[in-house]
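Q: Note that this note's numbering numbers the sequence shown so that position 90 is 181, with each residue one more than the last.
Note that the Cβ used here is the ideal one computed from N, Cα and C, for glycine as well.
What follows is a structure written as structure tokens; I'll ask about it next.
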Amino acid sequence: MCTGACSKFIAVPLYVLAAVSIICNLMLFFPDFDTQYAAQDRKGEQRLTEEVKYMGGFLGGGLMVLIPAIHIHLTSSDKCCANRCGMFLSIGFAAAGVVGSVYSLAVAGVGLSNGPFCWWSNAQHLIPQWGAPFLNRYN
């Protein structure tokens with residue numbers, strides 16, 4: 092089996108993973124499928140974390156992985172190795188996909204370390220307020 096024949100088996104899972112990444116980022120941007128938090132955030136009242144606004148899942152894990160997936164899938168249309176230029180270009184597109192996935196992973200890691208932005212209170216702050224309760228947990 093040559094690389095042209097197996098490229099469609101690489102592209103199809105990339106389609107699924109890119110779609111999952113885009114859907115997850117949209118669910119973070121519109122919690123409960125409601126636009127009120129995004130609208131309030133646009134008015135200046137912070138309701139979404141900065142990491143959600145970086146759109147790591149939409150741009151990095153979604154579009155920057157979807158474009159290489161489409162190209163890799165199209166290289167399998169000529170079957171075996173007739174499309175050498177297309178196979179060579181897929182290396183560059185794969186590198187772009189890796190950059191996008193690393194961006195998505197970095198944004199997700201920072202988001203996990205900073206925690207969510209929510210309506211919270213504790214023993215020091217008795218009045219509930221919007222904020223990131225885990226951001227300064229060691230201070």
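To the nearest angstrom, report how far apart residue 121 and residue 218 are at their CA atoms.
A: Each residue's alpha carbon lies about 26 angstroms from the other.
Q: Quick one: is residue 153 buried, meaning 16 or more other Cβ sit within 10 Å of its Cβ, or exposed?
A: By the 10 Å Cβ count, residue 153 comes out buried.
Q: By Cβ distance, which residues of its chain are closer than 6 angstroms to residue 92, with the 5 residues on each side in sequence left out?
A: Reliability fails at residue 92, whose pLDDT of 48 lies under 50, so the model's placement of it is uncertain and the value that follows must be treated cautiously. No residues qualify anywhere along the chain.
Q: Out of 185, 139 and 198, point me to the one whose CA is closest to residue 105's CA.
A: With distances taken between Cα atoms, residue 105 lies closest to 185.
Q: Could you check where the beta strand (DSSP E) with residue 131 kicks off and where it finishes?
A: Premise fails: residue 131 lies in the alpha helix (DSSP H), 127-133, not in any beta strand (DSSP E).
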